[in-house]
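Protein chains in written order, with this note's numbering: chain X, 240 to 431; chain P, 2 to 646.
Just so it is clear, CB atoms sit at the ideal spot from N, CA and C, and this is done for glycine as well.
Predicted, not measured: the structure shown is a model, and the values here were computed from it.
Read through the structure below, which is laid out as structure tokens, and then see the notes.
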């Protein structure tokens, strides 16, 4: 599978190195929001509080959906690497559908919380929760857009076996966003 | 190239775009600058833009000094004064020193490592345009007061200081749009810096010429690498702080609202966790420049190259552990204060290592006293004073006395102006011949140095005294009878002396561009790869990618050493540094350079439009988002290099 790479000093493709650096930077980005959430965890002066609102079984299911999308992402990359464009399409589509399911779950959760009286300015929980999970949701949305762009590019013949790096980069981003969600789910939902 | 002018019969979007690209590829005319992806042109754009902002920030400084020259003055109202000192600080940090350093990264890094361009040329253009548009957006706030009239002296600019401490910056205490422009503008500029940081790390790690191992890289490249890593990890932190502030101001969130349980200290922690690496982002590039200039004019290798490299890397790591020394008086407790005091003292060690290495580089050298060397020696002296005054702040009880006085103002100008700007000016004198093909006038250059050096000391040493006499910073005026009047007047005289030195510099640039002596490829008899190619360098930089055999490879191609270690020219004519050209590449033919592109400019227009929309009308934000998406998609779908016919 000799994919054609530009010679680089480290042997790592420029774009892959860029993606790793970007993800390193993103760690600080989410780290800062998560720190703010943890700092303000017990500082809300009025309700509704986290414990009144969380529906852990529901969020567990949507977290599971997002985790499974990482599996389908791996399968999409494996498919294009062995030249199976059709398989790649199926798994890319699966991944983005799972991502959209997760986003739907988040939209549902946000509406539920809003109905029970939680807004950005109700209390510290509302402020930190909506902004942190909202930024994560925005990242998932961007990921879905990237996956759909790859999906449609494959029909124009612009995504062939030798372009597998494109799928790999999208995959790196997607897995990162998943890992961030595991951390958020643990620290924001489960640890109380 | 004659066929370029033939217009396509059916004008399609793609066809028009292709034609524009072809015209831009000819390196002539206005549009070739807009669409350029050449790192050297982007470097020139960065430098020129930053210099314009330098004049703006300098005029703001002069306004401040006029107001403070005498006690009880009312040249500026308190409101105007707050806005002007805020914009002075913000401009000098984000629109002058950072982009001037970025100009040097762009101009030099590919040349020093033997590459034809940066790793991501279009992303490089995107960073520049985003910086330009972000800077314009930030400064447009002057003319846009939320109510009132600019012409009647009602300014709309931010008024919360360059550090923007919350909750002062919340709607309740800072009504109007000034802070909105500040927080959104800085986020736009932050994205530009991030893109630059990514680009230079990848370029330095991945694009080195064969043989250019990490420990054969010029010091400036090392410092660029450290700075870029700092940018990558520091900018997201300030981005989050600014996002939190934006949510508080625009959408009623509570991050810094104490009544709802928020804490103002969160802002300070995040701002300084960004802010302290930031000060090294400002100074490390200048340190890199000085580390290039000194060996050239001492005609000796840099003393203790690995020590200087490792101390730079150590500074990069340690800069993450000192931020709370900005916050001693906020009540963190004596354990935290002591810990940060110790870490702050420790970070002065690698800095001191560098200073001693620079002095040892000069020691015993056969020194040529040129303008770049003047500025470099000025840098060492002024930066040492700045560093030592910094050590006095690290001592907690002393700092309690100095907090918020002019002593602090004197200290950070001593490192940012006496340090960073002296180094950057030295760099301009040093590399001007490389990129213009002409030498700058030594006479005017030395005049500028002395005016700037005297003016600088006249401005900032009195501020040390003022601070110790107890004059607080950020005050619009002060009463008579404290003994502050004399020193303030002196500082004002100094500031205008600096202004004169800048006029001399501008004259020198204009004069030298027209009448300067023709430089040739290697006017300083220097050591690094950029001097092995013609001045100005051709678009493709190296006709043949160089093969590197050691540190200061170019020097060792010119000189060998005799028994006593003195440099001896290798052979007659060897100092004629034109490299041997491979046959097919001698005129740059057959080298595939990245094609010019308009999409970076288009994409970069998006974020400032979104920011404007967030302040005035969400519909405008939607337009901005559309522009951004169009720019990014066009960029992604356009091939980076036009396929050969």
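Take residue 333 of chain P, set aside five residues on each side of it, and the residues of its chain with a beta-carbon closer than 7 Å to its own are 325, in chain order. Contacts with chain X at 8 Å (Cβ-Cβ) do not include residue 243 of chain P.
Between residue 392 of chain X and residue 398 of chain X, the CB-CB gap stays under 8 Å. The Cβ neighbour count for residue 246 of chain X, taken over all protein chains shown within 10 Å, is under 16; the residue is labelled exposed. Per DSSP, the continuous beta strand (DSSP E) segment holding residue 561 of chain P begins and ends at 560 to 562. Within the same chain, and ignoring the five residues on either side of residue 428 of chain X in sequence, the residues whose Cβ sits closer than 7 Å to its Cβ are 293, 295, 298. Taking 8 Å as the threshold, the shortest C-beta distance from residue 380 of chain X to chain P does not fall below it.
DSSP, read as helix, strand or coil, puts residue 538 of chain P in coil.
Taking 7 Å as the upper bound on Cβ-Cβ separation, chain P lies near residues 359, 360, 362, 363 of the stretch 342 to 364 of chain X.
Taking 8 Å as the cut-off, the beta carbon of residue 441 of chain P is found closer than this to the beta carbon of residue 517 of chain P. Against residue 267 of chain P, the close residues of chain X are 274, 275, 278, 279, in the order they occur along the chain (beta-carbon pairs closer than 9 Å). Among the residues of the stretch 173 to 206 of chain P, those with a Cβ less than 7 Å away from any Cβ of chain X are 195, 199, 202, 203, 206, in the order of the chain. Nothing from the stretch 50 to 66 of chain P brings a Cβ to less than 8 Å from some Cβ of chain X. Residue 570 of chain P: member of the beta strand (DSSP E) spanning 568 to 570, first to last residue.
Listed along chain X, no residue sits closer than 8 Å to residue 250 of chain P by beta-carbon distance, the nearest being about 12 Å off.
At a cut-off of 8 Å between beta carbons, residue 423 of chain P makes no contact with chain X. Neighbours of residue 237 of chain P in chain X, taken as residues whose beta carbon is under 9 Å from its own, are 264, 265, 266, 267, 268, 269, 270, 271 in chain order. Close partners of residue 542 of chain P in chain X (Cβ separation under 7 Å) are lacking, with about 16 Å as the shortest Cβ gap. Against chain P, the CB of residue 304 of chain X has no partner CB under 8 Å away; the residue lies outside that interface. Around the CB of residue 150 of chain P, fewer than 16 other CB atoms lie within 10 Å, so the residue is classed as exposed. The stretch 312 to 400 of chain P contains, as complete alpha helix (DSSP H) runs of 4+ residues, the segments 335 to 363, 372 to 395 (chain order). With respect to the C-alpha of residue 132 of chain P, the residue from P:157, P:161, P:152, P:101 having the closest C-alpha is P:101. Within the same chain, and ignoring the five residues on either side of residue 243 of chain P in sequence, the residues whose Cβ sits closer than 7 Å to its Cβ are 184, 187, 188.
In summary, no residue of the stretch 391 to 419 of chain X has a CB separated from any CB of chain P by less than 8 Å. By DSSP's assignment, residue 84 of chain P forms no beta bridge with any residue.
In this structure, the alpha-carbon of residue 80 of chain P lies about 41 Å from that of residue 261 of chain X.
Between the alpha carbons of residue 147 of chain P and residue 139 of chain P lies a distance of about 15 Å.
By the criterion of at least three beta-carbon pairs nearer than 8 Å, the stretch 300 to 319 of chain P is not in contact with the stretch 256 to 267 of chain P. Contact check for residue 351 of chain P against residue 382 of chain P fails: the beta carbons are separated by 8 Å or more. If only uninterrupted alpha helix (DSSP H) runs of at least 4 residues are considered, those enclosed by the stretch 581 to 630 of chain P are 600 to 617. Using beta-carbon distances, residue 121 of chain P counts as an interface residue toward chain X, with a partner under 8 Å. Residue 322 of chain P is outside the set of residues whose beta carbon lies under 8 Å from a beta carbon in chain X. Contact annotation for residue 256 of chain P against chain X: 275, 279, 363, 366, 367, 370 [CB-CB distance below 9 Å, chain order]. At a cut-off of 8 Å between beta-carbon atoms, residue 251 of chain X makes contact with chain P. The stretch 371 to 381 of chain P and the stretch 419 to 427 of chain P touch, with three or more beta-carbon pairs separated by less than 8 Å. Rounded to whole angstroms, the gap between the alpha carbons of residue 273 of chain X and residue 35 of chain P is 40 Å.
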